[in-house]
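The sequence shown: position 43 = 41 (our numbering), numbered continuously. Down below is the structure, laid out as structure tokens.
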Amino acid sequence: MSFVLYALLGEDSPLTSIERIDTELGRCFALETDLVAQFEVLPFTTERSLRLRWPNWAILVFYEDGPSVLADSREIQRIAGTPDIPDLSGIGRRVRVVFGSDDDRVYTNHVIWMMEYLCGIEGAFVFDPLRKEFISLT
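Below you can see the structure in the form of structure tokens.
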């Protein structure tokens, strides 16, 4: 089963772009000899995304901003807001990551590495919409 994670980029998060994310992820996955990273524009969109592809699996990475991200942040605040998480309803930037299905758990380490990357972004709040909870690796 595939799943999604959002890294909501708070006011302390650095400015970023899909190109910068590509560079940073290149360092995270530097030892992966069978990885192919490529930019693409999916149908019905105008923004480039990043596909990290292995022989039998892939991760899609998107940098998104604007009104739809702001609306999602408000909904996340409503669903999962807690006293230890500041108000997220004003966040209008995020990194959205879509993981391919990995029923045999061949790529579990890759998922963990991506989670470490997302949780390591300064000022980011990583949210799992399927579980409706925030992720922290500390």
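Beta carbons are placed, not taken as given, at the ideal position from N, Cα and C, and that holds for glycine. This structure is a prediction, so every number in the text was calculated from the model and none was measured.
Whose CA, out of the options, lies closest to the CA of residue i?
i	options	result
Ala56	Thr31, Gly98, Ser47	Gly98
Asp101	Asn54, Phe42, Val34, Glu114	Asn54
Leu58	Thr44, Ile16, Arg25, Phe42	Ile16
Trp111	Ser87, Phe27, Ile89, Met(-1)	Phe27
Thr31	Thr43, Leu50, Thr14	Leu50
Ala69	Gly90, Asp82, Pro84	Gly90
Trp138	Leu29, Thr43, Tyr61	In this structure the chain extends from -1 to 136, so residue 138 is not present and cannot be described.
Met113	Ser134, Gly24, Tyr61, Glu9	Ser134
Mapping the DSSP letters down to three states, classify residue i as helix, strand or coil.
i	result
Asp32	coil
Arg46	coil
Tyr115	helix
Arg72	helix
Asp10	coil
Asp20	helix
Arg83	Sequence check: residue 83 is Ile here, not Arg. Ile83 falls in the coil class under three-state DSSP.
Val104	coil
Who pairs with residue i in a beta bridge, going by DSSP?
i	result
Phe132	Phe125
Glu165	The first residue shown for the chain is -1 and the last is 136, placing residue 165 beyond what the model contains.
Ala5	Val93, Val124
Ile57	Leu50, Phe97
Asp63	Arg91
Cβ of residue i within 9 Å of Cβ of residue j?
i	j	result
Arg92	Val67	yes
Arg103	Leu3	no
Val39	Ser47	yes
Ile83	Pro12	no
Leu6	Leu86	yes
Leu23	Tyr115	yes
Asp20	Phe37	yes
Meets three-Cβ-pair contact criterion under 8 Å: the region 115 to 134 and the region 72 to 91: yes
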